[in-house]
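Residue 242 in this note's numbering sits at position 157 of the sequence shown, and the numbers go up by one each step. Using N, Cα and C, we set each Cβ at its ideal position, and we do this for glycine too. Owing to the predicted nature of the structure, the values given are computational and were not obtained by experimental measurement. Okay, structure first, notes after.
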Amino acid sequence: MPNAKKYIGEDFLKQAESYDPGNRYSIPYCWGTVGLMYNKKLIHSEDGEIDSWSPLFDPAYKDEILMQDSARDAFMIPLRLMGDSMNTKDPKELEAARDMLIAQKPLVQAYGVDDIRDKLASGEAALGVIYSGEAINLLKANPDLAFCPAPKEGTNLWMDGWVIPKQAKHVENAHKFIDFLCRPDIAAKNFEALGYSTPNTAVQALVEDDMDEDEIEIAFPDPAVYRGQETYQYLGEAIDKLYTKLWLQVKVE
Numbered sequence: 086m087p088n089a090k091k092y093i094g095e096d097f098l099k100q101a102e103s104y105d106p107g108n109r110y111s112i113p114y115c116w117g118t119v120g121l122m123y124n125k126k127l128i129h130s131e132d133g134e135i136d137s138w139s140p141l142f143d144p145a146y147k148d149e150i151l152m153q154d155s156a157r158d159a160f161m162i163p164l165r166l167m168g169d170s171m172n173t174k175d176p177k178e179l180e181a182a183r184d185m186l187i188a189q190k191p192l193v194q195a196y197g198v199d200d201i202r203d204k205l206a207s208g209e210a211a212l213g214v215i216y217s218g219e220a221i222n223l224l225k226a227n228p229d230l231a232f233c234p235a236p237k238e239g240t241n242l243w244m245d246g247w248v249i250p251k252q253a254k255h256v257e258n259a260h261k262f263i264d265f266l267c268r269p270d271i272a273a274k275n276f277e278a279l280g281y282s283t284p285n286t287a288v289q290a291l292v293e294d295d296m297d298e299d300e301i302e303i304a305f306p307d308p309a310v311y312r313g314q315e316t317y318q319y320l321g322e323a324i325d326k327l328y329t330k331l332w333l334q335v336k337v338e
């Protein structure tokens, strides 16, 4: 696949090796982070900026906090604040994260998914955990908003990838289709439609004339934003069940 070989950035191929060693089975397609969107008029920071997960646990923001209704995304935040891996399998570390989330619960206005975006856009909350691909449209909807794509404690760098099922009957066409999607002009159209960052190194030059500086910084950040970040790994059925159990304990407490 010549387009994939030429245009998919080396940093993203290295990151993909965390779930596909040797890049044997997948091609990176879209990527992003779990970040923190905040309303500059509603936060108490002296410089008007936030670069940490810690305000999500600050009583000063009671009823102004929006959390993702997702076990992995919710647990990732206290785990990183405690200096633990977001891929930990240690029950004690996970239980400590659960206890932090239970203590945080009286401060949380809502756990949600799409409604987090809507509440931030309308100014109903000061802080919200969102995916980076939603940030550009939110900045357009409400100029009082700002986005921290990677709080200093660390975050999840996620990646969508293309794969071909081994029982596929038209493998040659599948390879051609994936390579077509890696063609810069096609990748640029996908980016414009989806809003999520692309690992295609040729896209920025094709789209940045129609973007403002904040949008470019979110979609095509400095490599320091994503280098060294963890990516969620499959932790096995037993740990998946433990996450679900502990998350339910948070929700029903």
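> Smallest Cα separation from L205: which of I301, S139, Q100, K125?
Replying inline: Looking at the Cα atoms, K125 is the closest of the given residues.
> Where does D219 land, buried or exposed, given buried means 16+ other C-beta within 10 angstroms?
Replying inline: For the sequence presented, residue 219 should be read as Glu rather than Asp. In summary, E219 is buried, with 16 or more beta-carbon neighbours lying within 10 Å of its beta-carbon over all protein chains present.
>> Please state whether the Cβ-Cβ distance between E298 and S170 is less than 8 Å.
In response: 8 Å or more divides the Cβ of E298 from the Cβ of S170.
>> Using 8 Å as the threshold, is the C-beta distance between K177 and V335 below it?
In response: Contact: no.
> How long is the line joining the alpha carbons of W116 and Y110, rounded to whole angstroms?
Replying inline: Spanning the two alpha carbons is a distance of roughly 17 Å.
>> How far does the alpha helix (DSSP H) with A231 in it extend, from its first residue to its last?
In response: Taken as a continuous stretch (DSSP letters only), A231 belongs to no alpha helix (DSSP H), being part of the beta strand (DSSP E) at 230 to 233.
>> Do L121 and C233 count as a contact pair if the criterion is CB distance below 8 Å?
In response: Yes, they are a contact pair.
> Any chance the region 151 to 167 sits against the region 298 to 313, with 3 or more Cβ pairs inside 8 Å?
Replying inline: Because the criterion of three Cβ pairs below 8 Å is not met, the region 151 to 167 and the region 298 to 313 do not touch.
> If you run the structure through DSSP and keep just helix, strand and coil, what is E338?
Replying inline: E338: coil per DSSP, three-state reduction.
>> In the DSSP assignment, the alpha helix (DSSP H) including Q100 goes from what residue to what residue?
In response: Per DSSP, the unbroken alpha helix (DSSP H) holding Q100 starts and ends at 95 to 101.
>> Tell me which residues share the same chain as T173 and place their Cβ nearer than 7 Å to its Cβ, disregarding the 5 neighbours each side in the sequence.
In response: Once the five neighbours on either side are set aside, the close Cβ partners of T173 are L164, L179.
> Which word fits M167, buried or exposed, when buried means at least 16 other C-beta atoms lie within 10 angstroms of its C-beta?
Replying inline: With fewer than 16 other Cβ atoms inside 10 Å of its own Cβ, M167 counts as exposed.
>> Going by DSSP in three states, M244 sits in which element: helix, strand or coil?
In response: Strand, per DSSP.
> What does DSSP give as the partner residues of C115 in its beta bridges?
Replying inline: Paired residues: D245.
> Based on the DSSP secondary-structure assignment, which residues constitute the bridge partners of L121?
Replying inline: For L121, DSSP records a beta bridge to V214, C233.
> Secondary structure at N172, three-state DSSP: helix, strand or coil?
Replying inline: N172 falls in the coil class under three-state DSSP.
>> For the beta strand (DSSP E) containing L151, name the first residue and the last one.
In response: Its beta strand (DSSP E) spans residues 150 to 153.
>> By the DSSP assignment, the alpha helix (DSSP H) with V344 in it spans what residues?
In response: Nothing in the structure corresponds to residue 344, since the chain is present only between 86 and 338.
> So, I112 versus I271, is the Cβ gap smaller than 8 Å?
Replying inline: No, they are not a contact pair.
> When burial is assigned at 16 or more other CB atoms within 10 Å of the CB, is V256 buried or exposed?
Replying inline: So V256 counts as exposed.
> Just curious, the beta strand (DSSP E) that Y196 is in, first and last residue?
Replying inline: Unbroken beta strand (DSSP E) run through Y196: 193 to 197.
> What's the C-alpha gap between Y319 and Q100?
Replying inline: Linking Y319 to Q100 through their CA atoms gives a straight-line distance of about 15 Å.
> Under 8 Å between the Cβ atoms of E300 and L242?
Replying inline: Between E300 and L242, the C-beta spacing is not below 8 Å.
> Between which two residues does the alpha helix (DSSP H) harbouring M161 extend?
Replying inline: If you look at M161, you'll find it in the alpha helix (DSSP H) that goes 156 to 166.
> How about the region 127 to 139 and the region 285 to 295: do they share at least three Cβ pairs that are nearer than 8 Å?
Replying inline: Pairwise C-beta distances place the region 127 to 139 out of contact with the region 285 to 295, as fewer than three of them are shorter than 8 Å.
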